[in-house]
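Taking it in order: structure first as structure tokens, then the write-up.
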Amino acid sequence: MYPVSSQKRSWTFANEGQLMAFRVEQNHKYVEEHEEEAQGGDLDEYFLTPSEERLLLKQYEIYLFDFCRRFDPPMPKCVVGTAFHYFKRFYLNNTPMDYHPKEILATCVFVACKVEEFNVSINQFVNNIKGDRNKATDIVLSNELLLIGQLNYYLTIHNPFRPIEGFLIDIKTRSNMQNPERLRPHIDSFIDSTFNTDACLLHTPSQIGLAAVLHAASREQENLDSYVTDLLFVSARDKLPGLIDAVRKIRIMVKQYQQPDRDQVKAIEKKLDKCRNQANNPDSELYKERLRRLYTDEDDMPAEDASFHIADVSSDTSAMNISQ
Amino acid sequence: MDDQACPRCKTTKYRNPSLKLMVNVCGHTLCESCVDLLFLKGSGACPECMVPLRRNNFRVQLFEDPMVEKEVDIRRRILRDYNKREEDFGSLEEYNDYLEEIENIVFNLCNNIEIFETNKRIEAYKRDNREVIQRNKTRVGRDEYALEEMLELERVQEESRKKELEELEIEHKKKKARDKQALIEELMYSGKDAAQIVNEFAEKAEKQREEEKQLPPPKPATEFSTGIKFGQTADPSLLPVPKSEEGPLFVYEPFLVLTEGPAPPPPTEIEAKGYIAHIRGETPQENAGGFTSTIACERALQEALQGLYYTPTAGLSLAT
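The listed protein sequences derive, respectively, from chains A and B.
Position one of the first sequence corresponds to residue 1 (UniProt numbering), numbered consecutively onward.
Position one of the second sequence corresponds to residue 1 (UniProt numbering), numbered consecutively onward.
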């Protein structure tokens, strides 16, 4: 039930300003901790700024959507929705400089598959990833617990898909609209574009669903206003302005969405390669060293033993290149 | 058990798993086949102590130690004659002395101490107390008889109770049939409203059922089948299991569906108002699992309406 869910209690926020504040705070925290890495240079030149982080994440949300769309076997919509939720929630508490979005992206999808009971094994899963599969397996599995922890173990996601079904049933039953099924393509494309916005962190799934239905109706030159005012809100007219406001905000958010500029993102990624937290970079010496210590501590084996994948990873930086 | 061996033919349990050791009054063991061989004529001497033995006195050895076997045997024989009870003595002291004497005799016979004198003592006792011995023997018989009588009584009681129950059942069935017949006749011939008649009869049946319930419950048994009264066996050394501390009792709270939106239609309306027509019907497999399309329909409608009234409140902070 959404009204008593953790999603409403802990993961639905008042406005976009609040979200921005969290992201800026994470960015500042990282810059403060790693200040000496810039070696006295301009901090803004060396580290990503909050707005650059946003652009980068926007680009990776597009990658995330493409990855889900091309996934084999084809995944149900709710997995995509859940993965987006996880991705957005994770980067409220973390900065992409700490954890590279391409790694978190795959982990989000993997956890979402599990939570939404879309059964794929890790081998099947990494078959969808280009590049070194062993390495990808290691990355996804080692990040899984981190991700779940950062989500505060709140894994249940209320997606707008079931509310949409409910609205369609209700419209078919109570309103006299002709063939509501023709709304579906518009609804689907609207929901897909809400994934690129922060709508799911600001509004309830039923509001997003209703916004999608209303948007689709206007695309089909239909008017469902009377359905909303005379049937849905007939007994609670005073609540109507709140809903209208929410629907309007969601539609504006979708309308105002702009795809990030490719060249800009490429520059940001280059910058990120330098300033990212090397302790979390599986290609860095620091990371390998840390792992080696971890393994040798555990069973006193010489570090040269190649029984684990991470140690013999070549300098192949194209692993997990979902972006290509 | 490994060293269970026949002293004569040296067969062991290991070599012959079906080895059966026998023992006679002297307390020396022999295996079954040796007994067959030595006592072919029905009697003979023990190969170890040369005591003359009879074949039909051989018994299967129950205890590992043949001496225990011997003592059990002797004790049984002695107690056949020394069968006085506490009531036969004037005081507890005398009774204790008597028990002491029995133990002495048994010990002497077991350990071959003053066998001659002891046997003489037994003979003298038998002679002096012939009457008492005889009387006590019959008394034992009487005790057994009383026990049998009690069992018989119990069986009879059980039977009569069963019969009573059966009769009650038959009576009940007959009455039900009569009532049904009466109802049908009433419906056929009376001019009253049919629904009213049915109601009247249902009420009457209900009342009767309640009356039956008020019948006194069967008298609780006051004794065990062995004739021992309840509560007498309570052994002070066996304390009841201490009651564990129980937490507060569970209080049922009805499940409250929060909507924060327009109220969804109740399940009865989902079918009545035609919501159900717009959703796929359940497959037989789904139905076997207890799912109906009404449930799916209800859930979709509920989720559509939940949280529609939501308006953001400032000051929400990220859970950490």
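Even glycine gets a Cβ: it sits at the ideal position worked out from N, Cα and C.
Enclosing beta strand (DSSP E) for M22(B) [first to last residue]:
L21 to V23
Could you tell me which residues DSSP pairs with R59(B) in its beta bridges?
V23(B)
Would DSSP call L40(B) helix, strand or coil?
coil
Scan the segment 279-290 of chain B for residues whose Cβ lies nearer than 7 Å to a Cβ of chain A and list them as they occur along the chain.
I279
Measuring alpha carbon to alpha carbon, tell me which residue in L301(B), K84(B), P267(B) and E246(B) is nearest L232(A).
L301(B)
Hey, how far is the Cα of Q157(B) from the Cα of E167(B)?
15 Å
Going by Cα to Cα distance, which pick from F190(A), L291(A), L151(A) and D188(A) is closest to N93(A)?
L151(A)
Alpha-carbon to alpha-carbon, N281(A) and I122(A):
21 Å
According to DSSP, which residues form a beta bridge with L291(A)?
Answer is none; L291(A) lacks a bridge partner.
Hey, which unbroken runs of the alpha helix (DSSP H) at 4 residues or more fall wholly within the segment 12-71 of chain A?
16-33, 43-46 and 50-69
How far does the alpha helix (DSSP H) with C200(A) in it extend, from its first residue to its last?
A199 to L202
Checking the sheet assignment: what are the DSSP bridge partners for T29(B)?
V23(B)
In the DSSP output, what is A45(B) paired with across the bridge?
P52(B)
8 Å Cβ cutoff, E171(B) in contact with chain A:
no
Nearest chain B C-beta to D188(A) closer than 8 Å, yes or no?
no
Residue-chain proximity (V241(B), chain A), Cβ-Cβ < 8 Å:
no
Is the shortest distance between the beta-carbon of S206(A) and the beta-carbons of chain B less than 8 Å?
yes
Under a CB-based cut-off of 8 Å, is L243(A) close to chain B?
yes
Alpha-carbon to alpha-carbon, C275(A) and R162(A):
42 Å
Closest Cα partner of residue 325(B) within the set I276(B), S33(B), A194(B) and H278(B):
No answer is possible for residue 325(B): the residues shown for chain B start at 1 and end at 320.
Between the CA atoms of E165(A) and A296(B) - distance to the nearest angstrom
10 Å
Bridge-paired residues (DSSP) for T12(B):
A5(B)
C31(B) and K20(B): beta carbons closer than 8 Å?
yes
Simplified DSSP state of P17(B), which is helix, strand or coil:
coil
Assigned exposure category for S5(A) - 16 Cβ within 10 Å defines buried
buried
Spatial neighbours of R182(A) within its chain, please: CB distance less than 7 Å, with the 5 preceding and 5 following residues excluded, ordered by chain position.
E220
Just the chain A side, please: which residues come within less than 7 Å of P266(B) by C-beta, in chain order?
Those do not exist, as P266(B) stays about 14 Å from chain A at its closest Cβ, beyond 7 Å.
Looking at the C-beta of N94(A), does it have a partner C-beta in chain B at a distance below 8 Å?
no
Does the beta carbon of A300(B) come closer than 8 Å to any beta carbon on chain A?
yes
Within-8 Å CB hit, P262(B) to chain A
yes
With 16 other Cβ atoms within 10 Å as the buried cut-off, status of N27(A):
buried
If the cut is a Cβ gap below 7 Å, which residues of chain A does A304(B) touch?
P163, G166, F167, D170, S206 and G209
Buried versus exposed call for Q324(A) [16 or more other C-beta atoms within 10 Å across all chains shown]:
Residue placement at Q324(A) cannot be trusted, given a pLDDT of 45 that sits under 50; what the coordinates show is reported in the next sentence. It counts as exposed.
Let me see if you follow: with CB-CB separation under 8 Å, is T259(B) close to chain A or not?
yes
Considering A124(B), what are the terminal residues of the alpha helix (DSSP H) in which it resides?
I115 to D128
Answer with yes or no whether the minimum CB distance from P312(B) to chain A is below 8 Å.
yes
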